[in-house]
Amino acid sequence: MIQPAVYKETILFSINDVANRQEPSRVLMCSPDYFDIVDVKNVHMQGNVGQSDKALVEAQWESLKQAYDNLKAQGVLDEVSIIQGAPGCEDMVFCANQTFPWKMNDGKEVVVMSKMRHESRRREVPYFETFFKSKGFTPLHFKQVEMFEGMGDVIPHTGKQLLYGGYGHRTTAEAYEELAQMLSVPIVALELINPKFYHLDTCFVPLSADSVMLCKEAFTEKGLGMIRTLFRNVYEIPEEEAEKYFSLNAHAFQSHGVKTAILQKGSKITVDALQKEGFTIVEIDTSEFMKSGGSVFCMKMMY
Ligand code: ARG
């Protein structure tokens, strides 16, 4: 077994030695009832305060929900659940951030509660704790961690008991020490150095046990070195495309053996890579949410 430690500089194991993991098949979304752009939490929000179009917000969110409902009808997903947005929680629709759900080695389902960087986003977290408790998950709380933004910064290696953790903007490097112990899982800690890519889920998309897409401008040389040790194929997506279309906020997943990628339309190079890897592509428009710094991956949680 690979030590449940944090790897920050070099990788001392082979991916073949990492235990396998079954990918989740349930999706959670949060309705955009109170979605708004009220302040600037990330660089994408600059100039967009007060600029959200409520009707378009609703329509775009519905089209994403429809995409997941279709997958459910096809038997690709087991369940699509909705949490109602709450007043005063303008970013709650980005439901990848408030928690990190995980199945432990012994099969027990736990959910790590985030420590959001922004005060207004801290109010979102208890709603998700209630949801996951209703699904039988055991909530886990950090003791010392200052900032941790859930699945926004922590992304599992496809099919493996191994996590990648971004840090520097919304999560601290120290959070991973506690997380690795809590979940008893090895974590590759990746420093994020570019403010456009402030969450790991804006610049890093594992596609299979062998392949990943990323934007190299988001990472340090050390980080890229570790990623290249663990994935045989690394698709480098140009910064321009990743920034303009949030193409690396694609939701590329395998559920019941079916590979689907849902992403913002217009991401040509990213779509090419996904097709090469055998994904069925679903393109939607998330322009209203991109004004707030997020697209498909952050608008859902898989568990
Ligand atoms: N406005 C939100 C924030 O800055 C956007 C979050 C997007 N989520 C993501 N995982 N990238 O917190």
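The sequence shown begins at -15 in our numbering and counts up by one.
Using N, Cα and C, we set each Cβ at its ideal position, and we do this for glycine too.
Distance from the C-beta of SER98 to the nearest heavy atom of the ligand ARG is not below 8 Å. Judged by DSSP secondary structure, TYR229 falls within the alpha helix (DSSP H) whose first and last residues are 223 to 229. Per DSSP, reduced to three states, the secondary structure at SER15 is coil, with no helix or strand assignment.
The region 16 to 23 makes no contact with the region 215 to 225: fewer than 3 CB pairs, one atom from each, lie closer than 8 Å.
At least 9 Å separates the beta-carbon of GLU63 from that of MET210.
Boundaries of the beta strand (DSSP E) harbouring GLY150: 147 to 151, taken from the DSSP string. Looking only at VAL242, SER118, VAL169, the smallest Cα-Cα distance to LEU191 is reached by VAL242. Secondary structure of LYS49 (DSSP, three-state): helix. THR142 is not a Cβ neighbour of GLN259, given a cutoff of 9 Å. Residue environment: ILE66 is assigned as exposed (fewer than 16 neighbouring CB atoms within 10 Å of its CB, all protein chains considered). In this structure, the C-beta of ASP185 approaches the ligand ARG to less than 8 Å from one of its heavy atoms.
Excluding the 5 residues flanking it on each side, CYS14 has same chain C-beta neighbours closer than 6 Å at ILE67, GLY69, MET76, VAL77, CYS79, in chain order. Looking only at LYS87, GLN58, GLU103, LYS49, the smallest Cα-Cα distance to GLU74 is reached by GLU103.
Comparing alpha-carbon positions, the option among THR270, MET274, TYR287 lying closest to ALA51 turns out to be THR270. With a minimum length of 3 residues, the unbroken runs of beta strand (DSSP E) contained wholly in the region 213 to 276 fall at 217 to 220, 235 to 239, 242 to 248, 264 to 268. Rounded to whole angstroms, the Cβ separation of ALA173 and TYR(-9) is 7 Å, and the two are in contact under 8 Å. When the beta-carbon positions are compared, SER231 and ILE246 stay at least 9 Å from each other. In the structure shown, THR122 falls within a strand segment according to DSSP collapsed to helix, strand and coil. Counting along the chain, the unbroken alpha helix (DSSP H) around GLU161 starts and ends at 159 to 167. The beta carbon of ASN4 is closer than 8 Å to those of GLY143, LYS144, GLN145 in its chain, skipping five residues each way along the sequence. The alpha-carbon separation between ALA57 and GLN128 amounts to approximately 43 Å. Assignment of GLU(-7) by DSSP, reduced to helix, strand and coil, places it in the coil class.
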